[in-house]
Amino acid sequence: MKSLTALFYFCLLIYLAEFISTWSDSETSIDSYIGDAGENLIGIDIVNSEPYSASITEESVTPGTFSRTYSWDYEGYNWQLTLPLDNELYEKYKSRSRNRDYDLFASDPYDDRLIKDIAEALSSLSKAHGLEKCEIPGLCISFVQSLNYTSDLESSGYDQYPRFPYETLYENGGDCEDTSILSVAILQEMGYDAVLLELPEHMALGIKSNTGQQGRSFEYEGSNYYYLETTGSDWQIGEIPEVYANQPVHVVPVYRRPMIKLDFKAQCAFSKREGVVDVNVTVRNLGSKRAENTTVYVALQAEDKLSLWDEIESSSITIEPEEAFNYTAKGLTFPAGGKFRVYVQASGEDMVPENITSEWAMI
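Given below as structure tokens:
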């Protein structure tokens, strides 16, 4: 095979706009290389008789930042990506709630610049190597498959601890949902129609193909999505591990959407005639898209659950991803001796309404 050597340099500016106000801009870069057997690339010896193995090297840049070079084998070539990583940024990702659906980790808007530049680097390398479009997902997955596999319990102390793409790259690996989340984010950025495939105790990818692809596929909304394993190595599109061959599969589409979580605290004052309740509501958007025209509805439900003692609704507001809105419903009343519970609902555009209730109370 004709020897190819290509060097690409990309400037990556991870700009987390409209996110946690303390997050700072980070100027970063991605280096990428490709070489075939017998060549020496930037001090890395490549030997014909030895198969390539995945490896990483790190170099300190400034206090708290470093660059990491990922090196892996695919189609007889050694491929490399160098990513800049930041300790403080990683800690801020770790502080974010895990109480969101898997697809929202993949569509998180604050990883956009990172994912975009990784996708562009892999696309450029694919073009230099002459890969067909149908072969590019294999390169992408070979990169992700080269990362270390670690269970959530081992790495975090929790049974379930899904990670954002930045965290998986920083930690140089994760478990099946972490590598699937990272992979689907990159593939979608590269223009492929990909979904998450959720199995009992496992997660993988599904990638849409209309080119006579062979192997195991799953139908979703009239299209076939072919199984793609993100853990281990050398798995091909459509090839499913035997242990999962007969397991039920749930297709999870990945797209931008808001996701609201509610919390509230209520305070009550009362007299011989009536009780007065103030309800302080926190509305947090854990989704990947702003929650437009969102309203908060607060009511005191009567014991039959159909009647209301009192109710109030907020004006509409917009909540950005990862932001919270606080609303106080003041002066809700109920008659003395009446049994009630607090009911809170948030609703808006492109979102499933969220509601919570308190325990029953009587004063």
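In this note's numbering, the protein residues as written are 1 to 363. Even glycine gets a Cβ: it sits at the ideal position worked out from N, Cα and C. Only a predicted model underlies this, so the values are computations on that prediction, with no experimental measurement involved.
Select from the options the residue whose C-alpha is nearest the C-alpha of residue i.
i	options	result
alanine 106	Ser151, Val254 and Phe218	Val254
valine 342	Ser315, Glu349, Phe325 and Asp310	Asp310
tyrosine 327	Ile312, Thr333 and Gly338	Ile312
glutamate 274	Thr333, Tyr149, Glu75 and Glu198	Thr333
tyrosine 247	Gly138, Ile56, Glu75 and Leu199	Here residue 247 turns out to be glutamine, not tyrosine, going by the sequence shown. Checking every option, the nearest Cα to that of glutamine 247 belongs to Leu199.
glutamate 201	His250, Tyr93 and Ser233	His250
valine 281	Phe264, Tyr297, Ala291 and Thr295	Phe264
isoleucine 186	Tyr161, Pro137, Asn78 and Ala299	Pro137
arginine 216	Glu292, Ile118 and Pro241	Pro241
valine 252	Tyr220, Val243, Lys272 and Ser233	Tyr220
isoleucine 56	Tyr170, Gly130 and Leu114	Tyr170
Please confirm whether any heavy atom of the ligand NAP lies closer than 8 Å to the CB of residue i.
i	result
serine 55	As far as ligands go, the structure on display features none, and thus does not contain the ligand NAP.
What residues are listed by DSSP as bridge partners for residue i?
i	result
aspartate 263	Thr282
glycine 238	Glycine 238 pairs with nothing; no bridge assigned.
valine 195	Gly206
cysteine 268	Val277
phenylalanine 340	Ala361
aspartate 73	Asn78
arginine 68	Glu58 and Leu83
phenylalanine 218	Tyr225
leucine 332	Val277
aspartate 310	Leu300
phenylalanine 325	Val283
valine 251	Leu197
glutamine 345	Tyr297 and Asn355
isoleucine 118	According to DSSP, isoleucine 118 bridges with nothing at all.
isoleucine 181	None, per the DSSP bridge assignment.
alanine 106	Beta-bridge pairing links alanine 106 to no other residue.
isoleucine 319	Ala291
asparagine 148	Gly173
Are residue i and residue j close, meaning C-beta to C-beta below 9 Å?
i	j	result
glycine 348	serine 316	yes
serine 183	cysteine 134	no
glutamate 189	lysine 127	no
proline 364	aspartate 86	Given that the chain is displayed from residue 1 to residue 363, the structure contains no residue 364 and the question cannot be resolved.
tyrosine 70	leucine 89	no
isoleucine 181	leucine 196	yes
valine 283	valine 296	yes
tyrosine 161	arginine 96	no
leucine 306	leucine 300	no
Below 8 Å on the Cβ atoms is my guess for residue i versus residue j; work out the distance and round it to an integer in Å.
i	j	result
threonine 230	alanine 204	6 Å
leucine 368	leucine 125	Examination of residue 368 is not possible in this model, given that the chain is present from 1 through 363 alone.
serine 142	tyrosine 74	4 Å
serine 370	aspartate 175	With the chain running from 1 to 363 in the structure shown, residue 370 is simply not present.
tryptophan 72	serine 146	4 Å
glycine 191	glutamine 213	Contact flag wrong, Cβ pair sits at about 17 Å.
glycine 206	phenylalanine 218	6 Å
Going by beta carbon distance, what residues of the same chain come within less than 6 Å of residue i, once the five residues before and after it are set aside?
i	result
aspartate 278	Gln267 and Lys330
lysine 208	Asp193, Ser223 and Tyr225
glutamate 354	Ile260, Leu262 and Ala346
valine 47	The predicted position of valine 47 is uncertain, since its pLDDT is 24 and thus under 50; no value can be drawn from it.
tyrosine 93	Phe164, Tyr166 and Glu167
alanine 119	Ile186, Glu189 and Met190
Please list, in chain order, all residues of the same chain as residue i whose beta carbon is under 8 Å from its beta carbon, the five residues on each side excluded.
i	result
lysine 339	Ala302, Glu303, Trp360, Ala361 and Met362
proline 109	Arg256, Ser288, Lys289 and Pro321
valine 61	Ser67 and Pro84
phenylalanine 270	Val276, Ala336 and Ile363
glycine 43	Residue confidence is low: glycine 43 scores 24 on pLDDT, short of 50, so the model does not pin down where it sits. Its coordinate-derived value is still stated next. Same-chain partners within the cutoff: there are none.
serine 123	Ile136 and Met190
methionine 351	Arg257, Pro258, Met259, Ile260, Gly287, Ala291 and Thr294
Tell me which residues share the same chain as residue i and place their Cβ nearer than 7 Å to its Cβ, disregarding the 5 neighbours each side in the sequence.
i	result
aspartate 101	Met259
asparagine 368	Because the chain in this structure spans residues 1 to 363, residue 368 falls outside the shown range and cannot be described.
glutamate 59	Phe66 and Ser67
glycine 64	Asp86, Asn87 and Glu88
isoleucine 319	Val283, Asn285, Arg290, Ala291, Thr294 and Phe325
isoleucine 244	Checking the displayed sequence, the identity of residue 244 turns out to be tyrosine instead of isoleucine. Result list for tyrosine 244: Leu199 and His202, in chain order.
lysine 272	Ala336
glutamate 323	Asn285
threonine 357	Arg341, Val342 and Tyr343
leucine 131	Leu139
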